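Notes follow the structure.
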Amino acid sequence: MIIAVKEILLQMLAVGSAVFLFSNIVERSGDDSLHSVRLTWRGYSPILVLSSAFSIVICWILSIYSAITLEIQMSLVAMVIGVLYIGAARGVLLLVLETIMYLMLGSGSGVVDFLVHSGVLLYPAAALCSSMFLQSSLRKKRLITGLLILLSAILTMLAAGLRMRLHNLDTATWWVILFIVGAAIVAGSYSIQAIERIMERKQLNQQMLNLSNRVITEAEKLRQIMNVAPMMITSIDADGQITAINENALQILRRSIPDITRETALNINLLRLDSDKVTSGLQRTIEIIRRLPEEQHIHSELMRLDYGTFYISIAPIHQLPDHRLTGTVIIAQDITEVERLRNELSHVEQLSLVGKMAASITHEIRNPMAVVRGFLQLMREKSPSSLDHYYLIVMDELDRANSIINDFLSLAQNRIVEKQLYNLHSIIEELLPLLWADANLRGQSITFIPGQNVPRLDLNSKEIKQLILNLARNGMEAMEDKGELIIETEATASEVIMRIRDTGPGIPQEKLDKLFEPFYTTKSKGTGLGLSLCLSIVERHQGRIVVDSVEGEGTTFSVIFSHSFGSKEAESEEPV
940 MIIAVKEILL
950 QMLAVGSAVF
960 LFSNIVERSG
970 DDSLHSVRLT
980 WRGYSPILVL
990 SSAFSIVICW
1000 ILSIYSAITL
1010 EIQMSLVAMV
1020 IGVLYIGAAR
1030 GVLLLVLETI
1040 MYLMLGSGSG
1050 VVDFLVHSGV
1060 LLYPAAALCS
1070 SMFLQSSLRK
1080 KRLITGLLIL
1090 LSAILTMLAA
1100 GLRMRLHNLD
1110 TATWWVILFI
1120 VGAAIVAGSY
1130 SIQAIERIME
1140 RKQLNQQMLN
1150 LSNRVITEAE
1160 KLRQIMNVAP
1170 MMITSIDADG
1180 QITAINENAL
1190 QILRRSIPDI
1200 TRETALNINL
1210 LRLDSDKVTS
1220 GLQRTIEIIR
1230 RLPEEQHIHS
1240 ELMRLDYGTF
1250 YISIAPIHQL
1260 PDHRLTGTVI
1270 IAQDITEVER
1280 LRNELSHVEQ
1290 LSLVGKMAAS
1300 ITHEIRNPMA
1310 VVRGFLQLMR
1320 EKSPSSLDHY
1330 YLIVMDELDR
1340 ANSIINDFLS
1350 LAQNRIVEKQ
1360 LYNLHSIIEE
1370 LLPLLWADAN
1380 LRGQSITFIP
1390 GQNVPRLDLN
1400 SKEIKQLILN
1410 LARNGMEAME
1420 DKGELIIETE
1430 ATASEVIMRI
1440 RDTGPGIPQE
1450 KLDKLFEPFY
1460 TTKSKGTGLG
1470 LSLCLSIVER
1480 HQGRIVVDSV
1490 EGEGTTFSVI
1500 FSHSFGSKEA
1510 ESEEPV
């Protein structure tokens, strides 16, 4: 009896050897694939085939050296476990191995013994249960395994009964048989539980590895986001030690600690910095952080410092679920430029209001000026002719003042002008007689060079005439006798260009930048509104002005109109 128990325990160890081998290979293989419903061949299946095959061979070898006449052999337990896990198709490998081992080492004879001990009868049942087995809980898996082992025992006893051996067995032998069946069920149940625990542990390890990699990835992503964020971000722990800091925050911290780097910053405790050696902004921030445990809310503050204006938010970091304070995050945004723009906008609004008031007042001035001019005209008619010269001077100055008022009002009124399709050449040609007359009085000449294929454009003819007159007269006033003013046009694929070029002394480079500023002039009697008015007209036509000037050679004003603001009708017109 003792020898039988020893043999049974050896067979149980042989079955357990599959678990031992499976565990070692899985832990060392690094194969992280795991079944969801059924194991894949690239997952644990090869390892299970190898482990079960090893256990089958060990069970058969141990059965050869059995010291009792009763055959004790549990290789079918290893085969059943393997087939349940890897399925019918791959389980054929284990069936073939079991058959070979029986033919080589089995002691039975006859077809019945072959069918029972080679696993041929048991294999279909295990194969049919495989799918259900893989989808079951651990308890059901152990139950299915136990039932299949019990089926194997029943088949073995039926085979023995057919050979008429059962009636010759004594009571002790029957107890040994029952012990063998129980031991086989225990070995199978233990093996199933151990394999499930190994795979579950491997799955948990893989999940932990994936989670760890995800945490590392998210931490790196957060670090990159912090570095590209247009603000200063710093986090500290509950003791004040810096745990994270971005490049913008480092730049500010270097005002207090010049040689600081990201690596050295992580070794700094903000709350222990010497208040005499830090900037006023950092000192104020430290004071707020020290009060946070008492306040327990987000603190926001606008700090105006010597080196800029900052909007700072300091918030506590709590650990769930007990909301214990574990740190603080400091976010500061440099709003110096925003403050400057806000102040400029306020200044612009004030100037706009002053401009509107000035335009209104200027408009009202024209009425009394018209009355004054009218009475001057009457006084001139009733005065001696010797005073005509003085009347003309006063009236010319009144006309000049009225012209300044008109220019100022045109510049101040950002009105929407009505446009129609016009040929730019036609507008220029209407003005040429007036310009030629003016040029003749000055001893100058004007040349018009019309371009080819210039399309019609949406223009306000009155404003374009004013634009051309202003630019042309500026050019003539800049030239001496014998000077030449050239007006030319050119059409490109997307633009129409009108150039007005003079042969005057040119404009110094330092004056070009201020050329279009209101009230800026280089002429003794100029108002400084002419070019500003020209720019306003061109901008209302969605165009632009480019000035090229060479001292000693002359100046060219290029007015560029885009085709994009012209209508489709303009594109369909015949170019001129």
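Heads up: the sequence shown at position 479 corresponds to 1418 in our numbering, and the numbers run straight through without jumps. Using N, Cα and C, we set each Cβ at its ideal position, and we do this for glycine too. As the structure is a prediction and not an experimental result, all values here were calculated from the model.
(request) Report the partner residues of Y1024 according to the DSSP bridge assignment. (result) For Y1024, which the question treats as bridged, DSSP gives no partner whatsoever.
(request) Could you pull out every residue in the same chain whose Cβ sits closer than 8 Å to the Cβ of L1060, ignoring the five residues on either side in sequence? (result) The answer, listed in chain order, is L1054 and L1094.
(request) Assign F1314 to buried or exposed, taking buried as 16 or more other Cβ atoms, counted over all protein chains shown, within 10 Å of its Cβ. (result) Counting Cβ neighbours within 10 Å, F1314 comes out exposed, since fewer than 16 surround it.
(message) For K1079, count the other beta carbons within 10 Å of its own beta carbon; 16 or more makes it buried, fewer makes it exposed. Which is it?
(response) With a threshold of 16 other beta carbon atoms within 10 Å, K1079 falls short and is exposed.
(request) Alpha carbon to alpha carbon, how far is G1127 from T1008? Give it in angstroms, no decimals. (result) Because T1008 sits at a pLDDT of 48, beneath the cut-off of 50, its placement in the model cannot be relied upon, and the point is left open.
(request) Could you have a look at Y1329 and say whether DSSP puts it in helix, strand or coil? (result) Helix, per DSSP.
(request) Determine the DSSP secondary structure at Q1391, reduced to helix, strand or coil. (result) In this structure, DSSP gives Q1391 a state outside helix and strand, which the three-state scheme calls coil.
(request) Say whether the stretch 1381-1389 touches the stretch 1415-1431, bearing in mind that this needs 3 or more beta-carbon pairs closer than 8 Å, one atom from each stretch. (result) Result yes; three or more Cβ-Cβ pairs closer than 8 Å.
(request) Pull up the distance between the alpha-carbon of I895 and that of G1493, whole angstroms please. (result) Outside the displayed span of the chain (940 to 1515) sits residue 895, for which this structure offers no information.
(request) Look at S1075 and I1083 and say whether their C-beta atoms are less than 9 Å apart. (result) Taking 9 Å as the Cβ cut-off, S1075 and I1083 qualify as a contacting pair.
(message) Let's see if you can read the secondary structure: which residues bound the alpha helix (DSSP H) around M1071?
(response) DSSP places M1071 in the uninterrupted alpha helix (DSSP H) bounded by L1061 to L1073.
(request) Indicate, with yes or no, if the ligand SAH has a heavy atom lying under 8 Å from the CB of H1364. (result) As far as ligands go, the structure on display features none, and thus does not contain the ligand SAH.
(message) Let me confirm a value: A1122 is counted as buried when at least 16 other C-beta atoms fall within 10 Å, else exposed. Which label applies?
(response) With 16 or more Cβ atoms within 10 Å of its Cβ, A1122 is classed as buried.
(request) Can you grab the Cα-Cα spacing for the pair L949 / D1261, in whole Å? (result) Between L949 and D1261, the C-alpha separation is close to 55 Å.
(message) Rounded to the nearest angstrom, what separates V1183 and R1281 at their Cα positions?
(response) Residue identity check: residue 1183 is Ala in the sequence provided, not Val. Rounded to the nearest angstrom, the two C-alpha atoms are 33 Å apart.
(request) Classify H974 as helix, strand or coil using the three-state DSSP reduction. (result) Any reading at H974 needs caution, since the residue's pLDDT is 40, under 50, leaving its predicted position unreliable; the model's value is listed next. Of the three classes helix, strand and coil, the one that applies to H974 here is coil, per DSSP.
(request) Please determine if the stretch 1065-1074 and the stretch 1013-1025 are in contact, where contact requires at least 3 C-beta pairs separated by less than 8 Å. (result) Output reads yes: the stretch 1013-1025 touches the stretch 1065-1074.
(message) Ignoring anything shorter than 3 residues, give me the beta strand (DSSP E) runs that lie fully in the stretch 1236-1277, in order along the chain.
(response) With a minimum length of 3 residues, the continuous beta strand (DSSP E) runs that stay inside the stretch 1236-1277 are 1238-1244, 1247-1258 and 1263-1273.
(request) Alpha carbon to alpha carbon, how far is R1483 from N1149? Give it in angstroms, no decimals. (result) Taking the straight line from one Cα to the other gives about 60 Å.
(request) Let me know the secondary structure DSSP gives N1413 once reduced to three states. (result) DSSP, reduced to helix, strand and coil, places N1413 within a helical segment of the structure shown.
(message) What would DSSP say about R1380, mapped onto helix, strand or coil?
(response) Just to set this straight, residue 1380 is Leu in the shown sequence, not Arg. Helix at L1380.
(message) Using CA atoms only, rank isn't needed, just tell me which of S990, S984 and V1016 is closest to M951.
(response) Checked all of S990, S984 and V1016; the closest Cα to M951 is V1016.
(request) Tell whether a beta-carbon distance below 9 Å holds between I1270 and S1252. (result) Yes, Cβ-Cβ distance for I1270 and S1252 is below 9 Å.
(request) Run through the stretch 1141-1193 for me and flag every whole alpha helix (DSSP H) of 4 or more residues, listed as ranges in chain order. (result) Secondary structure within the stretch 1141-1193: the alpha helix (DSSP H) runs of 4 or more consecutive residues, fully enclosed, are 1186-1192 (chain order).
(message) Here's the rule: buried if 16 or more other CB atoms are within 10 angstroms of the residue's CB, otherwise exposed. What is V958?
(response) Buried, since its Cβ has 16 or more Cβ neighbours within 10 Å.
(request) Give the DSSP bridge partners of S1488, in chain order. (result) Per DSSP, T1494.
(request) Keeping to the same chain, check which residues put their C-beta closer than 6 Å to that of S1433; ignore five residues upstream and five downstream. (result) Closer than 6 Å at the Cβ level, and outside the excluded window around S1433, lie H1502.
(message) Would E1429 and R1438 qualify as a contact pair, given that the criterion is a beta-carbon distance under 9 Å?
(response) Yes, these two residues count as a Cβ contact at 9 Å.
(request) Specify the secondary structure class of T1008 as computed by DSSP and reduced to three states. (result) Below a pLDDT of 50, predicted positions are generally treated as unreliable, and T1008, at 48, falls in that range; the measurement from the model is reported next regardless. T1008: coil per DSSP, three-state reduction.
(message) On the DSSP letters alone, give me the boundaries of the beta strand (DSSP E) that R1440 sits inside.
(response) Counting along the chain, R1440 sits inside the beta strand (DSSP E) bounded by residues E1434 to R1440.
(request) Please name the residue, chosen from E1419, L1373 and N1362, that lies closest to N1392 on a Cα-to-Cα basis. (result) Per the Cα distances, N1362.
(message) Measuring alpha carbon to alpha carbon, tell me which residue in L1117, L1231 and S1239 is nearest A1177.
(response) Residue L1231 is the option with its Cα nearest to A1177.
(request) With Q1359 as the anchor, note down where its beta strand (DSSP E) starts and where it stops. (result) That run of the beta strand (DSSP E) goes Q1359 to Y1361.
(message) I need the straight-line Cα distance from F1496 to E1368, nearest angstrom please.
(response) Each residue's Cα considered, the two are about 18 Å apart.
(message) If distances are taken between C-alpha atoms only, which option among T1203, R1029, L1370 and S1400 comes closest to H1480?
(response) Ranking the options by Cα distance to H1480, first place goes to S1400.
(message) With distance defined between alpha-carbon atoms, name the residue in H1238, L1044 and S1195 nearest to L1220.
(response) Rather than Leu, the amino acid found at residue 1220 in this sequence is Gly. Relative to G1220, the option among H1238, L1044 and S1195 whose CA is nearest is S1195.
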